[in-house]
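Engineer:
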Amino acid sequence: MKIHRPLAEACVTLLNSVLEDGRVLDHEVAAAFRANRRWGKRDRHFIADSVWEVVRWRRALAHVAGSDEVEKLLAVVWRRNGYAIPEWWATLDEDVGEHEATLEAQPVAVRQSVPDWLDARGREELGEDWLPILEALNQRAPVFLRVNRLKSNRDTVLAWLESEDVAASAVDGVPDAIRLEGMLPKRLSYDSRIEIQDGGSQMIAPFLQVEPGMKVIDACAGAGGKTLHLAALMQGQGEVVALDVSQRRLDELWKRAKRAGLRNLKIERWDDQSLAKWRGWADRVLIDAPCSGLGTLRRQPDLKWSLTEARLAKVIRTQRRLLDHYPEMLREGGKFVYATCSVLPSENRGQVEALRERDPRWEMEDDHAVDPGTTGFDGFYMARLSKR
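106 is the number of the first residue of the sequence shown in our numbering; add one for each residue after it.
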């Protein structure tokens with residue numbers, strides 16, 4: 106198979122942008138595709154596959170290549186995929202085969218491609234569970250859909266996907282979830298009957314135990330995947346308030362909510378007055394807290410290179426602050442769910458236990474960690490609390 110020079114050079118540009126400048130991988134790739142509409146489907150696949158593999162396996166590839174230069178990391182990926190490395194490209198050392206053979210003997214941080222500090226932190230917090238979780242997070246993520254109950258049901262959507270030649274199956278234990286065998290065709294992605302949402306993420310909204318007619322706040326709504334799920338579970342009855350500090354994300358939520366046919370949703374940017382405004386109002390509050398995002402490494406492998414110990418410490422402080430104040434939006438007798446997309450106990454159960462030590466009136470009704478190794482989902486944590 107032949108490698109075309111403009112595509113190879115585009116890979117280098119993207120990798121330098123992500124690994125050197127700290128830009129977000131999927132945003133950079135999407136922007137490159139928009140700027141180069143002449144690239145065909147095969148070209149886009151070549152670029153995306155090459156770049157994602159280098160970011161995902163950066164340290165392992167550097168061991169094999171004997172260098173961390175992105176041109177050589179790409180050469181290892183292409184060599185593994187059966188491409189002939191062009192004469193005009195970076196030359197690999199003659200020992201590359203020997204280095205490949207010794208990869209499995211390297212430390213976990215090298216062969217699973219994570220920073221040393223992160224490997225040490227994972228082993229400290231998760232013990233023997235760290236390696237299988239890390240192995241799962243280095244696999245490519247499948248696509249999951251959530252059926253919008255306000256528009257359809259899972260059996261009908263599965264039949265529709267089959268009619269569109271999209272291989273899909275129902276997910277056991279997650280009532281609205283569908284797993285695709287491949288990618289979702291772009292022409293179908295804006296259909297109001299579905300939302301793209303990981304199976305683990307779909308477990309959080311039902312965990313909040315909402316009912317039609319309730320008053321519900323999604324305090325860290327983002328672009329609103331869980332907000333939309335909550336509103337659908339409430340069958341369009343009651344009120345859902347979506348709050349977030351990012352107006353850009355809330356604008357995206359508004360578009361999605363309109364497409365989904367939701368009328369019981371209020372969208373508002375969080376400001377200094379929000380806590381006082383909504384104090385004592387809600388039956389349920391979802392605190393989908395800012396976190397390291399380590400549970401989503403299958404989809405965002407660049408996170409492990411941008412995350413630092415200092416940034417993780419800052420995130421943990423933010424989580425504690427939210428837990429100390431956001432439950433104030435609950436009415437007496439209400440409940441809240443604290444959730445993250447992290448696999449680290451220090452961000453998860455550790456935060457809940459610390460809250461209960463600070464205020465013993467909070468009682469944990471239930472908690473659940475979504476293990477990517479056993480479920481095939483992203484890694485999540487959720488805990489539901491009520492006040493005695």
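Note that CB positions come from ideal geometry on N, CA and C, so glycine has one too.
(1) If you scan the segment 203–238 from start to end, which runs of the alpha helix (DSSP H) of 4 or more residues do you find wholly inside it?
(2) Could you check the C-alpha separation between Cys325 and Ala137 for me, to the nearest Å?
(3) CA-CA distance, Ala195 and Leu124?
(4) Could you name the residues that DSSP lists as bridge partners for Ala282?
(5) Using 8 Å as the threshold, is the C-beta distance between Val457 and Tyr443 below it?
(6) Inspect the beta-carbon positions of Ala394 and Gln352 and report whether they are closer than 8 Å.
(7) Is the segment 366–375 close to the segment 272–289, with three or more CB pairs under 8 Å?
(8) As an exercise, report each continuous alpha helix (DSSP H) stretch of at least 4 residues that is fully enclosed by the segment 152–195, in chain order.
(9) Indicate the three-state DSSP secondary structure (helix, strand or coil) for Ser451 in the structure shown.
(10) Distance check for Lys360 and Leu417, CA to CA, integer angstroms please.
(11) Cα-Cα, which of Met308, Ser297 and Leu266 is closest to Asp277?
(12) Relative to the C-alpha of Val160, which residue among Pro406, Leu427 and Ala474 is closest?
(13) Rounded to the nearest angstrom, what separates Glu462 and Arg216 at their Cα positions?
(14) Please state the DSSP three-state secondary structure of Met434.
(15) Roughly how many angstroms separate the alpha carbons of Met339 and Met319, rounded to a whole number?
(16) Hey, could you find the ends of the alpha helix (DSSP H) Leu490 is sitting in?
(17) With C-beta atoms as the reference, is Pro450 less than 8 Å away from Ile238?
(18) Enumerate in chain order the residues of its own chain whose CB-to-CB distance from Ser447 is below 6 Å, with the five nearest sequence positions on each side excluded.
(19) What does the alpha-carbon distance come out to for the pair His473 and Leu428?
(20) Can you have a look at Arg259 and say buried or exposed, based on whether 16 or more other CB atoms are within 10 angstroms of its CB?
(21) Is it true that the CB of Ala362 sits closer than 8 Å to the CB of Leu333?
(22) Determine the burial state of Glu414: buried for a count of at least 16 other Cβ atoms within 10 Å of its Cβ, exposed for fewer.
(23) For Asp464, report the span of its alpha helix (DSSP H) as first-last.
(24) Mind the definition here: the segment 128–145 touches the segment 189–204 only if three or more C-beta pairs lie below 8 Å; say whether that holds.
(25) Please classify Arg353: does DSSP put it in a helix, a strand, or coil?
(26) What residues in its chain sit with their C-beta under 8 Å from that of Gly187, if we drop five residues either side in the sequence?
(27) Look at the Cβ atom of Arg364, then the Cβ atom of Ser306, and state whether they are nearer than 8 Å.
Structural biologist: Looking at the coordinates:
(1) Runs of the alpha helix (DSSP H) inside the segment 203–238: 213–216 and 221–231.
(2) In the sequence shown, counting from the first residue as 1, residue 325 sits at position 220. In the sequence shown, counting from the first residue as 1, residue 137 sits at position 32. Distance between the alpha carbons of Cys325 and Ala137 is about 30 Å.
(3) Residue numbering aside, residue 195 sits at position 90 when the sequence shown is read from its first letter. Residue numbering aside, residue 124 sits at position 19 when the sequence shown is read from its first letter. Rounded to whole angstroms, Ala195 to Leu124 spans 19 Å at the Cα level.
(4) As a first step, residue 282 is located in the sequence shown; it is residue number 177 there, counting from the start. Assignment of beta-bridge partners to Ala282 by DSSP yields Arg251.
(5) Within the sequence shown, the letter at position 352 stands for residue 457. Within the sequence shown, the letter at position 338 stands for residue 443. Here Val457 is near Tyr443, since their CB atoms are less than 8 Å apart.
(6) Along the sequence shown, one-based indexing puts residue 394 at 289. Along the sequence shown, one-based indexing puts residue 352 at 247. Result no, Cβ atoms of Ala394 and Gln352 do not sit closer than 8 Å.
(7) no
(8) 163–170 and 175–185
(9) To locate residue 451, count along the sequence shown from 1; it is residue 346. DSSP places Ser451 in coil when its eight states are reduced to three.
(10) The residue you call residue 417 lines up with position 312 of the sequence shown. The residue you call residue 360 lines up with position 255 of the sequence shown. Looking at the two C-alpha atoms, the distance is approximately 32 Å.
(11) Taking the first residue of the sequence shown as 1, we reach residue 277 at position 172. Residue Met308 is the option with its Cα nearest to Asp277.
(12) Looking up residue 160 in the sequence shown gives position 55. The residue with the shortest Cα to Cα distance from Val160 is Pro406.
(13) Residue mapping note: residue 462 aligns to position 357 of the sequence shown, counting from 1. Residue mapping note: residue 216 aligns to position 111 of the sequence shown, counting from 1. For Glu462 and Arg216, the distance between alpha carbons rounds to 39 Å.
(14) Looking up residue 434 in the sequence shown gives position 329. Helix at Met434.
(15) Translated into positions along the sequence shown, residue 339 becomes position 234. Translated into positions along the sequence shown, residue 319 becomes position 214. Going by the C-alpha atoms only, they are around 8 Å apart.
(16) In the sequence shown, the residue the question calls residue 490 occupies position 385. Not the alpha helix (DSSP H): Leu490 falls in the beta strand (DSSP E), residues Phe485 to Lys492.
(17) As a first step, residue 450 must be located in the sequence shown, where it is residue number 345. As a first step, residue 238 must be located in the sequence shown, where it is residue number 133. Ile238 is positioned such that its CB atom lies no closer than 8 Å to that of Pro450.
(18) Locating residue 447 in the sequence shown gives position 342, where the first residue counts as 1. Hits under 6 Å: Cys396, Ser397, Leu399 and Gly400.
(19) One-based indexing of the sequence shown puts residue 473 at position 368. One-based indexing of the sequence shown puts residue 428 at position 323. Spanning the two alpha carbons is a distance of roughly 18 Å.
(20) On the sequence shown, position 154 is the one that residue 259 refers to. Buried, because 16 or more other Cβ atoms sit within 10 Å of the Cβ of Arg259.
(21) Your numbering for residue 333 matches position 228 in the sequence shown. Your numbering for residue 362 matches position 257 in the sequence shown. It is a contact, given that the beta carbons lie within the stated cut-off.
(22) Within the sequence shown, the letter at position 309 stands for residue 414. The residue in question, Glu414, is exposed, as its Cβ has fewer than 16 Cβ neighbours within 10 Å.
(23) Along the sequence shown, read from residue 1 onward, the residue named residue 464 stands at position 359. Secondary structure note for Asp464: it is in no alpha helix (DSSP H), with a DSSP letter that is neither H nor E.
(24) no
(25) Working through the sequence shown from its first residue, we reach residue 353 at position 248. Residue state, collapsed to three classes: helix.
(26) By one-based count along the sequence shown, residue 187 stands at place 82. Here the set comprises Met106.
(27) Counting from one through the sequence shown, the residue named residue 364 turns up at place 259. Counting from one through the sequence shown, the residue named residue 306 turns up at place 201. Cβ distance not < 8 Å, so Arg364 and Ser306 don't count as in contact.
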